[in-house]
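Residue 70 in this note's numbering is what sits at position 70 of the sequence shown, and the numbering runs on without skipping anything.
Every residue gets a Cβ at the ideal spot worked out from N, C-alpha and C, and that includes glycine.
All values derive from a computational prediction rather than experimental measurement.
Below is one structure; the comments refer to it alone.
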Amino acid sequence: MQLYSRQGSVQPSSGLVVPECPLQHVAGESCTTTCGLHKLSANMASTKGTKGIHAEPVQDLVVRRPKPSARSVCKSTLYQAYTGSLPDPQVLSLGEGLKNLRPQPLISSVLHGLSQLSMVDSRFGPVPRGSPLSYQCPPVVKRGNYVQHPGAPTFPKLPLEGSTFPTTFPNVDPNSQQFLHLDSLTVTHEMAAEREEQTREQSECPLWQALRKPRVTASRFYEVSHVKGPSSGQTLAGRILKGVHQTPAMKRGLEREPQVLEQYSKHFNVNVSRCGFVIHPDGI
């Protein structure tokens, strides 16, 4: 068998290799043979452009998402969410059928572990303990009264009727503007009871925050009673009006407060009722 080497010429216009048939034909006869592959020259076969790809250490390699040249189109981000219980009962039923298989497949150990999962409540229902949903999406606990004795008498309205405080301040001589400001902060007993009922959500209620801001609350009473001199009083007044920055510990305490109150009610066997902001009619 005679082997033929295929040669060709490069067209200057397109840069393509035009193969020449090794067989000799009669003049004017077209070649219909399809023998072998087209042969490229050594210069054309070698890759000259790397398109930005070159060898480098693995730790220095950075993978980036390609930037589309055209304008991005709108696309739906909806997906078919799983709405059943976790773990899926149909998946657990597969483990029963794999118990008798020898040797045991690897998935049987996974299914056996799913059947022994301990579940905890979350915002989306029961989820496995230790999963991200168990601590990132805790169940929404409604704030309310924790009643252990339904037949117990109801708690009286605050402030209590009959309790009075002295309203004279011998060391204070307010001017007209200060007197009007203090007079605007006074409330009647009916108004105080109404404000207490309206602010039982406490920090979640805007009225609770508005009533607390211009007043000296129980948490500030110690600082007020130990003020020495006008300058320290002005500094304390500025801190009270500015408010307190909520720290992570304070935020965690507010989030855990319903669970703590519920456990407190069960542990000491007492009724725990919500309480709003109490303003005494004789005070400010």
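Go to S232, then tell me how far its alpha helix (DSSP H) extends in each direction, as first and last residue.
-> 230 to 242
Per DSSP, which one or two residues make a beta bridge with P128?
-> M119
Would you call T199 buried or exposed, if buried means 16 or more other Cβ atoms sit within 10 Å of its Cβ?
-> buried
Same chain, Cβ closer than 7 Å to V270, five either side skipped, listed in chain order = Q148
Provide the residue span of the alpha helix (DSSP H) that contains K266, from first to last.
-> 248 to 268
When DSSP labels each residue in this structure, what does V18 get in the three-state scheme?
-> Low per-residue confidence applies at V18: pLDDT is 48, beneath 50, and the placement is therefore not dependable enough to give any value.
Report buried or exposed for G276, applying the criterion of at least 16 other Cβ atoms within 10 angstroms of its Cβ.
-> buried
Note down the Cα distance separating L211 from D121, rounded to an integer number of angstroms.
-> 36 Å
Unbroken alpha helix (DSSP H) run spanning E204, endpoints = Element bounds for E204: n/a, residue is neither H nor E.
Nonlocal neighbours in the same chain, by C-beta distance under 8 Å from G243, ignoring five residues either side | K213
Taking one C-beta from the segment 149 to 159 and one from the segment 186 to 196 each time, how about it: are there three or more such pairs within less than 8 Å?
-> yes
Kindly give me the distance between the Cβ atoms of P105 and L98, rounded to whole angstroms, as I take these residues to be in contact under 8 Å.
-> 6 Å
Is V140 closer than 8 Å to S134 when the C-beta atoms are compared?
-> no
Ignore the nearest five residues each way along the sequence and tell me which others in F268's own chain have a CB closer than 7 Å to its CB.
-> none
What is the residue span of the alpha helix (DSSP H) that F165 lies within?
-> Element bounds for F165: n/a, residue is neither H nor E.
For N145, which of V260, L101, A249, E96 has the nearest alpha-carbon?
-> V260
Just the Cα atoms here: how many angstroms apart are E29 and R64?
-> Residue placement at E29 cannot be trusted, given a pLDDT of 49 that sits under 50; the coordinates are not used to answer.
Let me know if A193 comes out buried or exposed under the rule of 16 or more other beta-carbons within 10 Å of its beta-carbon.
-> buried
Could you name the residues of the same chain whose beta carbon sits closer than 6 Å to that of K266, not counting the 5 residues immediately before and after it, in chain order?
-> none
Can you name the residues that DSSP bridges to Y146?
-> V272
May I ask you to report which of helix, strand or coil DSSP gives A210?
-> helix
When DSSP labels each residue in this structure, what does F179 get in the three-state scheme?
-> helix
What separation, rounded to the nearest whole angstrom, lies between the Cα atoms of L101 and Q116?
-> 20 Å
Looking at the structure shown, is K39 part of a helix, part of a strand, or coil, going by DSSP?
-> Interpretation of K39 is limited by its pLDDT of 49, a score under 50 that renders its predicted location unreliable; the figure taken from the coordinates is listed afterwards. In this structure, K39 counts as coil in the three-state DSSP scheme.
Please confirm whether F155 and S273 have their CB atoms less than 8 Å apart.
-> yes
Going by the beta-carbon positions, is the gap between G95 and S108 smaller than 8 Å?
-> yes
Do R252 and E201 come within 8 Å of each other at the CB atom, strictly closer than that value?
-> no
By Cβ distance, which residues of its chain are closer than 8 Å to L111, with the 5 residues on each side in sequence left out?
-> V91, L92, L94, G95, L98
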